[in-house]
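Chains as they are written, first to last, in the working numbering: chain A, 1 to 81; chain B, 1 to 750; chain C, 1 to 158.
Glycine included, every Cβ here is placed at the ideal spot set by N, Cα and C.
What follows is a short report on a single structure.
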Amino acid sequence: MAQVHFSAGLRELTGGAAQIEVDASTVRGLIKALDEMFPGIAARLSEASSVAIDGEIFTDAEYESVSENAEVHFLDIFQGG
Amino acid sequence: MAITEENPGYKWVGTRPIRPDGVEKVTGKARFGADLTLPGMLFGKVVRSPHAHARIVSIDTSAAESMEGVKAVITGADFPDLAANGAHPSEIDVANNAIARDKVLYEGHVVAAVAAITREQAEAAAKAVAVTYEALPHVLTVDEAMADDAPLLHEAMITKGVDPAPEEPSNIASKILHERGDLDQGFGEADEVVEREFTTKPVHQGYIEPHAAVADANSDGRAHIWCSSQGHFQMRAYTATVLGVSPGTLKVTAAEIGGGFGGKTVIYLEPLAVRLSQRAGRPVKLVMDRDEVFRATGPTSGTRIKVKMGVSKDGKITAAEVWMAYEAGAYAGSPVGAAGMTAIACYDIPNFVVEGYDVVCNKPRVAAYRAPGAPMAAFAVESVLDELARTIEMDPIDIRLTNAAVEGTQASYGPKFPRIGFVETLEAIKEHPNYTAELGPNQGRGVAAGFWFNAGMMSSATVHVNENGTATVVTGSPDIGGSRQSMALMAAEELGIPYESIKPIVADTETVGFNDVTGGSRVTLATGAAVVDACRLIVEDLRGRAAKTWDVEVDQVEWVDGQAQHVDGSQPPLSLNDLAAKSGRTGGPISANASLNSRGVGAGFSTQLCDVEVDPETGVTRVVRYLSAQDAGRAISPDYVEGQMQGGVVQGIGWALNEEYIHDTEGVMENPSFLDYRMPVASDLPMIDCAIVEVPNPAHPYGVRGVGEVGIVPPMAAVGNAIRDAVDVRMTELPMSPIKVLEALNENDG
Amino acid sequence: MPRTHITTVINGDETEFLTEDSTSLLNALRDEVGLTGAKEGCGTGDCGACSILVDDRVNCSCLMFAPEADGTAIVTVEGLADSGELHPLQQCFLEGAALQCGICTPGFLMAAKALLDKNPDPTETEIRYALAGNLCRCTGYDKIIRAVQEAAREMRGQ
Chain A
1 MAQVHFSAGL
11 RELTGGAAQI
21 EVDASTVRGL
31 IKALDEMFPG
41 IAARLSEASS
51 VAIDGEIFTD
61 AEYESVSENA
71 EVHFLDIFQG
81 G
Chain B
1 MAITEENPGY
11 KWVGTRPIRP
21 DGVEKVTGKA
31 RFGADLTLPG
41 MLFGKVVRSP
51 HAHARIVSID
61 TSAAESMEGV
71 KAVITGADFP
81 DLAANGAHPS
91 EIDVANNAIA
101 RDKVLYEGHV
111 VAAVAAITRE
121 QAEAAAKAVA
131 VTYEALPHVL
141 TVDEAMADDA
151 PLLHEAMITK
161 GVDPAPEEPS
171 NIASKILHER
181 GDLDQGFGEA
191 DEVVEREFTT
201 KPVHQGYIEP
211 HAAVADANSD
221 GRAHIWCSSQ
231 GHFQMRAYTA
241 TVLGVSPGTL
251 KVTAAEIGGG
261 FGGKTVIYLE
271 PLAVRLSQRA
281 GRPVKLVMDR
291 DEVFRATGPT
301 SGTRIKVKMG
311 VSKDGKITAA
321 EVWMAYEAGA
331 YAGSPVGAAG
341 MTAIACYDIP
351 NFVVEGYDVV
361 CNKPRVAAYR
371 APGAPMAAFA
381 VESVLDELAR
391 TIEMDPIDIR
401 LTNAAVEGTQ
411 ASYGPKFPRI
421 GFVETLEAIK
431 EHPNYTAELG
441 PNQGRGVAAG
451 FWFNAGMMSS
461 ATVHVNENGT
471 ATVVTGSPDI
481 GGSRQSMALM
491 AAEELGIPYE
501 SIKPIVADTE
511 TVGFNDVTGG
521 SRVTLATGAA
531 VVDACRLIVE
541 DLRGRAAKTW
551 DVEVDQVEWV
561 DGQAQHVDGS
571 QPPLSLNDLA
581 AKSGRTGGPI
591 SANASLNSRG
601 VGAGFSTQLC
611 DVEVDPETGV
621 TRVVRYLSAQ
631 DAGRAISPDY
641 VEGQMQGGVV
651 QGIGWALNEE
661 YIHDTEGVME
671 NPSFLDYRMP
681 VASDLPMIDC
691 AIVEVPNPAH
701 PYGVRGVGEV
711 GIVPPMAAVG
721 NAIRDAVDVR
731 MTELPMSPIK
741 VLEALNENDG
Chain C
1 MPRTHITTVI
11 NGDETEFLTE
21 DSTSLLNALR
31 DEVGLTGAKE
41 GCGTGDCGAC
51 SILVDDRVNC
61 SCLMFAPEAD
71 GTAIVTVEGL
81 ADSGELHPLQ
91 QCFLEGAALQ
101 CGICTPGFLM
111 AAKALLDKNP
121 DPTETEIRYA
131 LAGNLCRCTG
141 YDKIIRAVQE
151 AAREMRGQ
């Protein structure tokens, strides 16, 4: 089960939960599973976040694979200069 | 130079040859944004709002249109209404910032543009465009904009990130929040607590080249744009959005770019130039004056930031509470999100709350500026940390070492850090002679640290091998500070041929695959990785050609030092030159493309040491010695790594001591010139000493992390901490100008 | 509008052009003569990117009216190299990586040439003050100062 973490700003979407275990093999599957738990969260996550999988940050993570016990963080988007 | 991991003995990577585009740039041949002239080209001029906030009642262009030499006049009505077309809100903001429709939201906001045969005719026509405004009340700072009865910039703006969503609109676009642990418990465990409040002013990126664009539109709907930007693919996309056309109808050629620092990742002139060219049927050049650059482009946010931190006697930070509000300017999108993620990211802190607000106000829309959002937060946090170190009488490096994030630390913004080099930058400072150099009267020493993510994103590269065994490396990343050199060095290393045999070029949007902007410190990392991938495809191809030539299996062929060698030495080696000359026999031209969405971004850290001398009579602060230690991962091109470090530091010194936007009560900028917006000059500064730390990024073929941005994060706090050390005053407002330092000194005496 | 006929020597060649009286020398050089090496960074004499030599003195060409050039001898960055051989300042800027974006480089080269023509052995402080009218936002000046020091050494034959 992947350990999915939400920044405090995203927890309004999860009923306050900071960490949720999700069974998924890709980020897409993971977001789909989350959307079933918290309807509407998928749109917000795909629009407003980068994803860190085991410490590595991805800007377009949808098809990235998620290993067993991976640590996944949804992060606010930021811009470089 | 501090090297923390063994240099693997590269032949080209890490050397200091002359940059490939250097001769053009020292002989005046390099073509920057304003340097292009086309046959029949017209000069354009933009009409800008004199009001900070006003409704546009009417625009009468008839007088301008009838003037001698005038060929086109355009207003917001000449562009599609994206809101009516259901576009994304961020696209609507881009369009409305390029040219106002119903309201102007800052002084300098574009309302119209003209094109005429001569510069003088265009300027006269711009003055003749008659705009009737209904002035509205305005807000200039986060305090004014967040007040309960503040006039609204956007009547429908509901704060995002608040649960439940507010029912009433406000100027607060969004709230961000990061928290961990138990704040009360953390402060309860502290032996000392320090709380301070800080303000910073908007500052401009200050690139010396004003924005410039030439557009040549054809009657078939296609157009060619030459412009100076940090990403011509991005300019194509934004321009297409504003014009309501397919990006494929636009070709954008990247002029040489005269500095950007984030400020040239956005569009201003390009869609106006295209529309004027379409209306006039002739090419049009638009170039900003410096005062337009100040009034309508950049800057980065002014801020208010409160920081409270607690520390145990042995120097462990037990809790941190950070509140911050960042000016976004006219449209949502200040870098407060990144500020929230970076503010305390250098440290492993068990209990914290970081809360931030993105606040619109009647100033130009902020644009990215080198590690956007991080420097202001670092000024506040690193100043408070300095106070804490003084309170418990701990060395400023040691308190940072005690709390430093290392591999495996759960970063304040979420994930665990992979291998990072923060500790190594702290140690590099401590080992440097500057750390123990003697200080004179009224001199003081300050330390500060900074973190920046760096970025990956999308890049493409093509490598062609020429018939004589030289190679052309084609990318689409504008070279803003020497990246052609780093591309050529990596290609030389991969192909095993001399650096001088490689010609790196920046191609237009129709000649190479997509490249994201030159920003986020990403080009050497991501575009470099694409170049490496393309070179490796070339090498695979060359091995196959050698195998064909020798009639052996390809696994019998190795590529060593720029030549194919048989593993048992049974064949005379074939050089790249040999293989290229006979490429027709082995399959035709030798060429490869690589495109990627970069993985494995490596975080950057910088620690800096500043010595100042403060004149107690005048309050003037002079930087007398400066050292920057930064983890580059791997310095592909050390000359230009140092250049990024030194440049970032000096921008930071300007931000610390002099630079600020000054507005009058009507919201009109009072200092839109380099005379009154005082950036550092050579006589203000000492040499900027550099310690390049190399803790390779394990996810990049050469260990690159990216070096462009993090260097600007620590300087404001480093200077402030040095002033504190020199004359015993804690400066909490930027810039720390002579008058403010003098006031603080007088308060101390009083 | 009547235009004024100007005769100058630019980079060693007698050059004539027509200009309106209100046109800056910088715009005349760029638009009429076709020499775009001098850059406009501010148009108000604050950044030095338009620096040229007029009768051996360094000037902001954005602050001169084009007619003022009549009868003068002008050197722009395009005239700094001698028959294709780079001036020691140009060579030292390249070797010392004294440019990043390169927009300020023509102005720095001309201001530095004016300094070294008068003072072949300047101190670091003298170099910093001689170049204080030229803004660079990329380099922090460090490598520019070092390049001028190195060029001075070479020009003195050391």
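{"query": "Residue-chain proximity (glycine 456(B), chain A), Cβ-Cβ < 8 Å", "result": "yes"}
{"query": "Residues of the stretch 91-108 of chain C whose Cβ lies closer than 7 Å to any Cβ of chain B, in chain order", "result": "Phe93, Leu94, Glu95, Ala97, Leu99, Gln100, Cys101, Gly102, Ile103, Cys104, Thr105 and Pro106"}
{"query": "Histidine 138(B) (DSSP reduced to helix, strand or coil)", "result": "coil"}
{"query": "Member of Gly414(B), Met341(B), Lys582(B) and Ala95(B) whose CA lies at the smallest distance from the CA of arginine 365(B)", "result": "Ala95(B)"}
{"query": "Whole-Å CB distance - valine 765(B) paired with glycine 310(B), under 8 Å assumed", "result": "In the structure as shown, chain B starts at 1 and stops at 750, and residue 765(B) therefore has no counterpart that could be examined."}
{"query": "Contact the stretch 61-77 of chain C vs the stretch 615-623 of chain B: 3+ CB pairs below 8 Å", "result": "no"}
{"query": "Span of the alpha helix (DSSP H) around isoleucine 538(B)", "result": "528-550"}
{"query": "Residue range of the beta strand (DSSP E) that includes glycine 329(B)", "result": "317-329"}
{"query": "Partner residues on chain C for glutamate 500(B), Cβ-Cβ distance less than 8 Å", "result": "Result: empty, since nearest Cβ-Cβ is about 13 Å, beyond 8 Å."}
{"query": "Identity of the residues DSSP links to alanine 449(B) by a beta bridge", "result": "Thr607(B)"}
{"query": "Span of the beta strand (DSSP E) around glutamine 79(A)", "result": "Glutamine 79(A) -> no beta strand (DSSP E), and no H or E assigned at all."}
{"query": "Neighbour flag for cysteine 138(C) against chain B, beta carbons, 8 Å", "result": "yes"}
{"query": "Beta-carbon spacing of alanine 18(A), isoleucine 31(A) below 8 Å", "result": "no"}
{"query": "Run of the beta strand (DSSP E) containing alanine 461(B), from where it starts to where it stops", "result": "457-465"}
{"query": "Assigned secondary structure, methionine 716(B) (DSSP; H/G/I helix, E/B strand, else coil)", "result": "helix"}
{"query": "Among Ile257(B), Tyr238(B) and Ala255(B), the one whose alpha carbon lies nearest that of threonine 249(B)", "result": "Tyr238(B)"}
{"query": "Span separating the alpha-carbon of alanine 437(B) from that of asparagine 119(C)", "result": "32 Å"}
{"query": "contact_flag[the stretch 70-80 of chain A, the stretch 427-445 of chain B] where n(CB pairs < 8 Å) is 3 or more", "result": "no"}
{"query": "Candidates Val139(B), Val465(B), Gly519(B) and Leu579(B): closest to valine 710(B) by CA position", "result": "Gly519(B)"}
{"query": "First through last residue of the alpha helix (DSSP H) which encompasses phenylalanine 422(B)", "result": "422-431"}
{"query": "Anticipated Cβ contact below 8 Å, isoleucine 257(B) with cysteine 101(C), distance rounded", "result": "6 Å"}
{"query": "Alpha helix (DSSP H) runs contained entirely in the stretch 495-522 of chain B, provided each spans 4 or more residues", "result": "none"}
{"query": "Which of helix, strand or coil DSSP assigns to threonine 475(B)", "result": "strand"}
{"query": "Test: methionine 1(B) CB closer than 8 Å to a CB of chain C", "result": "Because methionine 1(B) sits at a pLDDT of 41, beneath the cut-off of 50, its placement in the model cannot be relied upon, and the following sentence gives the value as read from the coordinates. By this cut-off, methionine 1(B) is not an interface position."}
{"query": "8 Å Cβ cutoff met for valine 203(B) and glutamate 659(B)", "result": "yes"}
{"query": "For glycine 654(B), the first and last residue of its enclosing alpha helix (DSSP H)", "result": "638-657"}
{"query": "Rounded C-alpha distance that separates proline 415(B) from valine 23(B)", "result": "45 Å"}
{"query": "Near-chain F residues of the stretch 169-201 of chain B (beta-carbon distance less than 9 Å), N- to C-terminal order", "result": "The structure shown contains no chain F; its protein chains are A, B and C."}
{"query": "Every unbroken beta strand (DSSP E) within the stretch 264-348 of chain B, with a cutoff of 3 residues, ordered by chain", "result": "284-287, 303-311 and 317-329"}
{"query": "Any 3 or more C-beta pairs closer than 8 Å across the stretch 720-727 of chain B and the stretch 605-613 of chain B", "result": "yes"}
{"query": "Cβ neighbour criterion (16 or more within 10 Å) applied to glycine 440(B)", "result": "exposed"}
{"query": "Reduced DSSP secondary structure (H/G/I, E/B, other) of phenylalanine 93(C)", "result": "helix"}
{"query": "Classification of aspartate 631(B) by the beta-carbon crowding that lies within 10 angstroms, buried from 16 upward", "result": "buried"}
{"query": "Other residues of its chain near leucine 13(A): CB distance less than 7 Å, five sequence neighbours each side excluded", "result": "Phe38, Ile41 and Arg44"}
{"query": "C-alpha gap between histidine 87(C) and alanine 81(C), whole angstroms", "result": "5 Å"}
{"query": "is_contact[glycine 43(C), chain B] using C-beta, thresh 8 Å", "result": "yes"}
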